[in-house]
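Read through the structure below, which is laid out as structure tokens, and then see the notes.
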């Protein structure tokens, strides 16, 4: 794995079109020495993925196109700068070599469910977007070979998920270039994709699958691109894609904090600043889902946040990981070139300088609700006062996939822009498991199980409910009450076996100095430069011991070293209840670069009345006063009473959200519940 350095792009102000053009050049310049002689392969490292090294090298070549193509397309009809001309020629040479079966760089024939199909989407995108620079320079023989190679994928099945879009994008490019294309395949795939639509702008990544970043940077990104290419030929579907994207924007804006950081959640996080690619795709398609200045601010702040993080190797190449180089949290399909999917965020460079996206003044986020239920995704988004902390509270999903760390990436109770989330390093104990924002259970053997799928789940305002079974004879009912800086959790566990329980709060960045900490009966709390975290037991009886667990290194996606506050207890077979209040508030800086002196830009103006429809009226929940990192761990006990009322009476538990006035009542005998 690479070490990490401060990249020259970190000093790029990233405010204008010219500065974003320069950012693409800065990001791709370090790749030049790593191209094969034929230009069709990019060899960036020795780590492996689920597919062959030759395919990884093709992936490296293709993913650069997500940035190069908009860079070139935006200079259409004008003389390219020398560096850009070199990149165009390098890409053309790669197309020529990679599709020539007689050349050592030949990319190979397609097989069923082939990773190469993923990469063809970038080829179709680039050839449709910048044909003047990437298609026209090819000879007629070269064009025939490239077209034949791309067309050959249509005879092979793809996975029943976002992959269905890849042959669609390829065939749209063939159509635009005046070549034969498979219209029936396009219709068939787009009809199938409609089966994944959940409503309110949301897709699942396949029937019954998760709703995550593949919604913005895949489904909507490709749908909006389709609407530009096929707006006249297929106006009905194009309008549908634009309308769905505009609806999604009203939810997705809640995933970003005031500084530009996006919520770490789900898989493929190594694609980093592709998290904001959706905002650029809206601009490219001419969809003003939010005011132009707001969308511009979302994209530019996000890029500035990311380029200040230590995510580059000593050679300036993007590494696998999230806020720092990290193979522990990587996917099985992450190869050395995979992170360059992030270049999808530069699509607005294809727009002219006088487009409203570029002429608009960058604006800060408008006023947003403190609580935003997003039922299709089974999430509730919560925003602290000032917008510097965003968390997603998770009801959970009925099914799961077999991707790496699926439980950690999709089934924790909470995910945070400040505290991130953690993945297991190994299988033994709490330090290796790194069970932040989870209830972990073991049969007293130090091997823990956590939530992986749910028998049922519900979202109702700031209240969430799930029923799940870590063993066939252990049933858990979980209630969450979302909020910041405190949220509430209640669990009813019915078990036929003796169990040890460990419930984690948010993971706190571990600095050189020890944090202020309190560990003891019913409470674990810590505070330091990275913020303050706590978990407090609420029910009398059934001793729960508070401990600060030093998680193994590189388990958290934001911070290489963390502490996790936990409550531990042991239980005999039968029914038992656990209830806790969980605290998390930010410190001075967020991200792996915190404390490293990373620069920040002046805050943009606010949106004012623009986008006021986002705030809504009578939003559930209320913003709590901004919490300062200086708060002592010893002062956190009982702080939840400013936001919630909790009591046990007459055979029931009651939790009231003081912000909305709604009350959850749970019967202690049956586990039945009501919400008023």
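Numbering (my numbering), first residue to last: 21 to 696. Note that beta-carbon positions come from the ideal geometry of N, C-alpha and C, so glycine has one too.
Under the three-state DSSP convention, the category residue i falls into
i	result
residue 179	coil
residue 118	helix
residue 41	helix
residue 277	coil
residue 613	Model confidence at residue 613 stands at a pLDDT of 47, short of 50, so the residue's coordinates are unreliable and nothing is read from them.
residue 312	helix
residue 137	helix
residue 340	coil
residue 527	coil
residue 640	Residue placement at residue 640 cannot be trusted, given a pLDDT of 34 that sits under 50; the coordinates are not used to answer.
residue 98	coil
residue 590	strand
residue 216	coil
residue 368	helix
residue 690	coil
residue 596	strand
residue 227	coil
residue 318	helix
residue 132	coil
residue 350	coil
residue 363	helix
residue 387	coil
residue 560	coil
residue 545	strand
residue 660	helix
residue 34	coil
Endpoints, beta strand (DSSP E) assigned at residue i
i	result
residue 272	Per DSSP, residue 272 belongs to no beta strand (DSSP E); it is in the alpha helix (DSSP H), 255-272.
residue 537	536-540
residue 288	Here residue 288 belongs to no beta strand (DSSP E), and DSSP marks it neither H nor E.
residue 693	693-695
residue 565	565-570
residue 553	551-557
residue 393	391-394
For residue i, the first and last residue of its enclosing alpha helix (DSSP H)
i	result
residue 683	No alpha helix (DSSP H) holds residue 683; the beta strand (DSSP E) holding it covers 683-687.
residue 77	73-93
residue 379	376-379
residue 243	241-249
residue 68	Run containing residue 68: none; DSSP gives neither H nor E here.
residue 297	297-304
Contact with chain D by residue i, beta-carbon distance below 8 Å
i	result
residue 56	In summary, chain D is missing from the structure at hand, where a single protein chain is found.
Beta bridge counterpart(s) of residue i as assigned by DSSP
i	result
residue 488	496
residue 112	Bridge partners of residue 112: none, in fact.
residue 718	This structure cannot settle anything about residue 718, because the visible part of the chain is limited to 21 through 696.
residue 345	341
residue 508	501, 601
residue 676	665, 683
residue 582	529
residue 382	In the DSSP output, where bridge partners are listed per residue, residue 382 has none listed.
residue 57	Its beta-bridge partners do not exist; DSSP assigns none.
residue 606	551
residue 48	Beta-bridge pairing links residue 48 to no other residue.
residue 331	Beta-bridge pairing links residue 331 to no other residue.
residue 514	495, 595
residue 402	391, 411
residue 520	462, 590
residue 62	55
residue 282	276
residue 222	219
Whole-angstrom C-beta distance between residue j and residue i, which should lie under 8 Å
i	j	result
residue 523	residue 459	5 Å
residue 497	residue 671	In fact, because the Cβ distance is near 16 Å, the residues do not count as touching under 8 Å.
residue 352	residue 340	Rounded, the Cβ-Cβ distance is 12 Å, inconsistent with contact.
residue 601	residue 567	That pair is no contact at about 17 Å.
residue 244	residue 265	6 Å
residue 604	residue 436	6 Å
residue 290	residue 358	6 Å
Kindly provide the ranges of any alpha helix (DSSP H) runs that are 4 or more residues long and lie completely inside the region 144-213, ordered along the chain. As summarised for the region 144-213, the continuous alpha helix (DSSP H) elements at least 4 residues long and confined to that stretch are 151-154, 160-171, 185-196, given in chain order.
Ordered list of alpha helix (DSSP H) runs contained in the region 404-490, each at least 4 residues: 426-430, 449-453
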